[in-house]
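Engineer: Residues in the sequence shown are numbered consecutively from 3, following this note's numbering. Take a look at the following structure, please.
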Amino acid sequence: MTAGGTADRLEARAAELRAEAVMTMAALAGPTSACSLARDGRSFPSYKLHEGRYAAASELVRALRRELAGEGRDAAALAALAEARTRWTDEVGRRQDQGKDWLAYATGGSDLCEQLADELAGADGEA
Numbered sequence: 003m004t005a006g007g008t009a010d011r012l013e014a015r016a017a018e019l020r021a022e023a024v025m026t027m028a029a030l031a032g033p034t035s036a037c038s039l040a041r042d043g044r045s046f047p048s049y050k051l052h053e054g055r056y057a058a059a060s061e062l063v064r065a066l067r068r069e070l071a072g073e074g075r076d077a078a079a080l081a082a083l084a085e086a087r088t089r090w091t092d093e094v095g096r097r098q099d100q101g102k103d104w105l106a107y108a109t110g111g112s113d114l115c116e117q118l119a120d121e122l123a124g125a126d127g128e129a
């Protein structure tokens, strides 16, 4: 992660991962829109995985920008990440029987939260 406080690093990395998810989704879908794929009834778990990553990153960036300012921002950022991890982990459990696409979407969000937590722990361990 980049230099700066925990909250700043977390927000920057989440935004970076969100952009990566968009690029991957565009590469996977090619000239076909996600709406067209859904209307055709085609399953596309690899796309949905990255859509879930995008959704989780977007939610986290919004939470960090909206709720966190001033003193205690780093602790609040860690709490926001912990909340996101719990929510997306629960979502994976909830989506187990709802089809491959829903499970892939939830897994993508959960994986992104875990990745951010792991990167943050590694960066803090190096400091």
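Even for Gly, the Cβ is constructed at its ideal location relative to N, Cα and C.
Counting C-beta neighbours from all protein chains within 10 Å, is the total for T109 16 or more, i.e. buried, or is it exposed?
Structural biologist: buried
Engineer: Going by DSSP, what residue range makes up the alpha helix (DSSP H) through D76?
Structural biologist: R75 to R96
Engineer: Could you name the residues of the same chain whose beta carbon sits closer than 8 Å to that of L118, not counting the 5 residues immediately before and after it, in chain order?
Structural biologist: L12, R15, A16, L19, L62 and L83
Engineer: Specify the secondary structure class of G101 as computed by DSSP and reduced to three states.
Structural biologist: coil
Engineer: Assign G111 to buried or exposed, taking buried as 16 or more other Cβ atoms, counted over all protein chains shown, within 10 Å of its Cβ.
Structural biologist: buried
Engineer: Would you kindly work out how many angstroms separate the C-alpha atoms of R55 and A28, rounded to a whole number?
Structural biologist: 14 Å
Engineer: Given a cut-off of 8 Å on the beta-carbon distance, is the pair A9 and L66 in contact?
Structural biologist: It is a contact, given that the beta carbons lie within the stated cut-off.
Engineer: Please report the straight-line C-alpha distance between G43 and A59, rounded to a whole angstrom.
Structural biologist: 26 Å
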